[in-house]
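Visitor: Each number in the numbering used here corresponds to the 1-based position in the sequence shown with 17 added.
We put the CB at the ideal spot given by N, CA and C, even for glycine.
Right, I'll just put the structure down here and ask away after.
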Amino acid sequence: MSNQTVKAAKMNQRQLLRWITMLGFCHDDMILYLDTHPDDAEALAYANQCAELLRNAVKTYEEQYGMLTVKPDQNVQEWNWVQTPWPWEGGYQ
């Protein structure tokens, strides 16, 4: 388990959502950069690092607080997205 994964496991819901948002931006920004600099191996490695951290953060969030996104490989047995308040309704801790 990486140091960043351990840190994510200790975050509260609001902190973890912010971390996920930051990692998502990092990953998306690197993908856009790689569109114009496809031979930049260092940027590709950094994009892969961002992607791994993002996957781990989302996994941690979903284990602690429930589903964050619907993924095509998920077999959803119960649709429970609206059983708790939305984040803008104070649905985070």
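(1) Beta-carbon within less than 6 Å of Glu79's beta-carbon, same chain only, minus the 5 sequence neighbours each way: which residues are those?
(2) Are the CB atoms of Leu40 and Leu70 nearer to each other than 8 Å?
(3) Once you ignore the five residues that flank Ala64 on each side, which residues in its own chain have a CB closer than 7 Å to its CB?
(4) Ala74: which of Arg31, Trp36, Asn29 sits nearest, CA to CA?
(5) Return the residue from the list His54, Cys67, Tyr82, Ala68 that minimises the CA-CA distance to Lys27.
(6) DSSP three-state call for Lys27: helix, strand or coil?
Guide: The relevant details are as follows:
(1) Taking the sequence shown and counting its residues from 1, one reaches residue 79 at position 62. Excluding residues within five positions, the ones whose Cβ falls inside 6 Å are Leu85.
(2) Here residue 40 corresponds to residue number 23 of the sequence shown, with the count starting at 1. Here residue 70 corresponds to residue number 53 of the sequence shown, with the count starting at 1. Cβ atoms of Leu40 and Leu70: closer than 8 Å.
(3) As a working note, residue 64 is residue 47 in the sequence shown. Around Ala64: His44, Met47, Ile48, Leu51.
(4) Start at 1 with the first residue of the sequence shown, and residue 74 comes out as number 57. When each option's Cα is compared against that of Ala74, the closest is Trp36.
(5) The count along the sequence shown starts at 1 and reaches residue 27 at position 10. Taking the Cα of Lys27 as reference, the smallest distance to any Cα among His54, Cys67, Tyr82, Ala68 is reached at Tyr82.
(6) Here residue 27 refers to the residue found at position 10 when the sequence shown is read from its first residue. In the structure shown, Lys27 sits in coil (DSSP, three-state: anything other than H, G, I, E or B).
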